[in-house]
Amino acid sequence: MKAFYFSGTIASALALLVMPCAPAQETMQHSPGATPLSSLIEEAAKNPQILAASHAYKAASQTPKSAAALPDTQFMMQHLSVGSPRPFAGYTNSDFAYIGIGISQDIPYPGKRKLRAEVAGREAESLQAQVTSIRRDVVERIKSAYFRLSYVQQSIHVLEHHDEVLAAMQQIAESRYRVGRGNQQEVLKAQLQHTKILQEITMGRRDEGQLEAQLKQLLDRPQDSPDIIAEPLTQRVLPYSQSQLLQLAQEQNPQIHAQQAMLRQTQSQVALAQKEFRPDFSLQYMYQNTDRKFRDYYMLTLGITLPNRGRRQAEVAEAGEKQERAKQELHSAVQRQMAEMQQAFVLAQSSAEQLKIYKDGLIPQAAATFTAGLAAYQANRQEFQPLLSSFLDALDLDLQYQRELSEHESALARIESLTGVTLP
């Protein structure tokens, strides 16, 4: 009976160590409340950072209209008294006393309003690119937190299943000790390892709570809302080459687009500063009534505002320096984004190779080693310590696989953020 019980326990224990994906599949089947990542990405539209950036862009998109408009028209009313400061003094007996109304309009030199609208429009373009950049950044942070949450939850699942395996090993050690084939130290080692696994599970629960809090903050959810359960991760394939990704990053990266818009804005500012050497005009028309027995007056005034050349030259120099600064910032942004793209690509490639090594080599080898050691220990051909060591190797490799899978998906999320592509 005991031998039969051991065989059933060993069989169920070994089934848990075959592949790291087995626990993930089991979790998917027994976790109907798991939240898919796609739904969280859709929910990210409520993120306050995204909404704030969107409103800033909408506000800036109205600026070109006001920049291109003419200055406000002024309405004027005049009254001239003759012989006394009293109102209407001399109005009926002097042709100099009058009541007048008129309008005045400032008119910028032709082309200035268009350039001012261009400057404002370039700033709106930059803010629009920043909205895209912030949205991608928030989505990347959601993905990264989601992948880490999935890793933590799967790690807890792996620890719990391996703890069941350890419990079976402890039962075998206790039975051997009762019949005089083992010693108490083996049982104590199994109990010690069980306590360590419980400690790891507790630490995992702590990390799980922190990651859920981070996700709820990004999703603008109340912190006392229901817990988030992540779906088990599956390895995605990167269908783009290194050169393709670098090209996509240069063409579609929002931070680069924002810097390009800033450069175009400074170019328009230089053109506007040069145009400011041209004079502006003002036009004023006045009608003056001097009572019906005297003739009315009509006055048209043209004013010309002559620019201060010293001040305008300083403005041109300032605009030129800002343009050079924007060029260097654009170059720096391109170099930085290309470097981040290269780093993410290298990490994704090396991580994919590591996952293959885990699945095709290390984990099956560790499972086979544990299988042989457990059979040898049950047949009294091996000590407990080598068996425990092979058990810990299998446990550690399963956890490393889950961590590597999370890092691989996080690297792909970074690539998606830098290039704007959506990987299948």
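Going by our numbering, the sequence shown opens with residue 124, and the numbers climb by one from there.
Cβ coordinates follow ideal geometry from the N, Cα and C atoms, glycine included.
Please report the Cβ distance between residue i and residue j, rounded to the nearest whole angstrom; I am assuming they are in contact, meaning their Cβ atoms lie under 8 Å.
i: Q276; j: I352; result: 7 Å
i: A442; j: A381; result: About 19 Å separates the two Cβ atoms, so there is no contact after all.
i: D229; j: S366; result: Not a contact, Cβ separation roughly 55 Å.
i: R271; j: L334; result: 6 Å
i: N412; j: I226; result: About 16 Å separates the two Cβ atoms, so there is no contact after all.
i: Q446; j: Q390; result: 6 Å
i: F468; j: G305; result: The pair is not a contact, with the Cβ atoms about 52 Å apart (cut-off 8 Å).
i: D343; j: K450; result: 38 Å between Cβ atoms; not a contact.
i: Q293; j: H317; result: 7 Å
i: L341; j: V261; result: 6 Å
i: I320; j: H285; result: 7 Å
i: Y410; j: D419; result: 7 Å
i: L73; j: L515; result: The structure shown does not extend to residue 73, since the chain is modelled only from 124 to 547, so the question has no answer here.
i: G327; j: I279; result: 4 Å
Determine the DSSP secondary structure at residue i, reduced to helix, strand or coil.
i: S207; result: coil
i: Y363; result: coil
i: F493; result: helix
i: I352; result: coil
i: G225; result: strand
i: T215; result: coil
i: F468; result: helix
i: Y232; result: coil
i: T158; result: strand
i: S135; result: Because S135 sits at a pLDDT of 49, beneath the cut-off of 50, its placement in the model cannot be relied upon, and the following sentence gives the value as read from the coordinates. Residue state, collapsed to three classes: helix.
i: D403; result: strand
i: Q358; result: coil
i: Q505; result: coil
i: L193; result: coil
i: Q293; result: helix
i: L528; result: helix
i: F198; result: strand
i: Q411; result: strand
i: T424; result: strand
i: R304; result: coil
i: P547; result: coil
i: D419; result: coil
i: L429; result: coil
i: D286; result: helix
i: D347; result: coil
i: A475; result: helix
i: L574; result: Outside the shown range of the chain (124 to 547) lies residue 574, about which nothing can therefore be said.
i: Q436; result: helix
Looking only at C-alpha atoms, which of the options sits nearest to residue i?
i: L541; options: I257, A499, P194; result: I257
i: Y180; options: T318, G225, T255, Y221; result: T255
i: Q477; options: A437, S529, H285; result: S529
i: A220; options: G426, D414, D286, V262; result: D414
i: G433; options: P194, G426, F400; result: F400
i: L356; options: K266, H202, P210; result: K266
i: Y421; options: N431, F198, A176, I224; result: I224
Residue j and residue i - do their beta-carbons sit closer together than 9 Å?
i: R245; j: A456; result: no
i: L238; j: A183; result: no
i: K339; j: Y232; result: no
i: L535; j: L371; result: no
i: Q388; j: E165; result: no
i: F417; j: S217; result: yes
i: L369; j: Q465; result: yes
i: L497; j: L518; result: no
i: N503; j: R299; result: yes
i: T241; j: P187; result: Note on identity: in this sequence residue 241 is Glu, with Thr being the wrong assignment. Going by C-beta atoms, E241 is nearer than 9 Å to P187.
i: Q358; j: E532; result: yes
i: R236; j: A192; result: yes
i: A544; j: Y363; result: The residue asked about is misnamed: residue 544 is Val in this sequence, not Ala. The answer is yes: Cβ separation under 9 Å.
i: A296; j: E287; result: no
i: S513; j: A475; result: no
i: Q253; j: A313; result: no
i: Y481; j: E539; result: no
i: T428; j: D403; result: yes
What's the call for residue i, buried or exposed, on a 16-neighbour Cβ count within 10 Å?
i: P143; result: Because the pLDDT at P143 is just 42, under 50, the model does not fix this residue reliably, and the point stays unresolved.
i: L521; result: It should be noted that the sequence gives Asp, not Leu, for residue 521. Answer is buried; the Cβ neighbour count reaches 16.
i: Q525; result: buried
i: H178; result: exposed
i: E376; result: Glu is not the amino acid found at residue 376; the sequence shown has Asn there. So N376 counts as buried.
i: Y274; result: buried
i: R209; result: exposed
i: Q460; result: buried
i: H202; result: exposed
i: E438; result: buried
i: F211; result: exposed
i: I173; result: buried
i: L163; result: buried
i: R537; result: buried
i: G484; result: exposed
i: Y500; result: buried
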